[in-house]
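Below is one structure, written out as structure tokens; comments come after it.
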Amino acid sequence: MPKIALKQLFKTNNRTNWNYDETVWKYQRTLNSGGKASFAFQQKSYLAKIKNSFVFLEKILRFILNAAKSWNEEDLDIYIIPHPLIGKITMREFYFFQFIMLSIIYKL
């Protein structure tokens, strides 16, 4: 989504940024309080079958890293998007979250 659309839809960040550990903590706290992904965000059964594939992991990592290339350091902390469990997060926190999920799925 273009940055201008993100800004119009979700405004911009007006709080202190979370580091990786804070993002992990907030997500785990939400899960421990009973938070669950809605159906749209639940892992699909076919993904469970191929998640052990390092080829699949490599494709995911390449996709995430290529997407991250379009963001500069400042913009990562300005633009926000909604997360279904922990509320609005910056793009940097979104990328942290992607690596959190990969580490959970692949037990990295």
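Note that the working numbering has the sequence shown beginning at 40, numbered continuously upward. All residues carry an ideal CB built from backbone N, CA and C; glycine is no exception. Since the structure is predicted, the reported quantities are computational estimates derived from the model, not experimental observations.
Asked, Found
"Beta-bridge pairing of residue 118 - partner residues as DSSP gives them", "51"
"Entirely enclosed alpha helix (DSSP H) segments - the region 53–82, minimum 4 residues", "59–71"
"Own chain residues within Cβ distance below 6 angstroms of residue 51, not counting five before or after", "117"
"Pairwise C-alpha distance: residue 55 and residue 141", "25 angstroms"
"The alpha helix (DSSP H) enclosing residue 125, as first and last residue numbers", "Here residue 125 belongs to no alpha helix (DSSP H), and DSSP marks it neither H nor E."
"Cβ shell of residue 137 (< 8 angstroms), same chain only, five flanking positions each side left out", "103"
"Option in 139, 123, 119 with minimal Cα separation from residue 42", "119"
"Residue range of the unbroken alpha helix (DSSP H) whose run includes residue 108", "It is not in any alpha helix (DSSP H) - residue 108 carries neither H nor E in the DSSP assignment."
"Given residue 47 as reference, the closest of 145, 99, 121, 134 once Cα atoms are compared", "121"
"Cβ-based neighbour list, residue 74, same chain, cut-off 7 angstroms, excluding 5 preceding and 5 following", "124"
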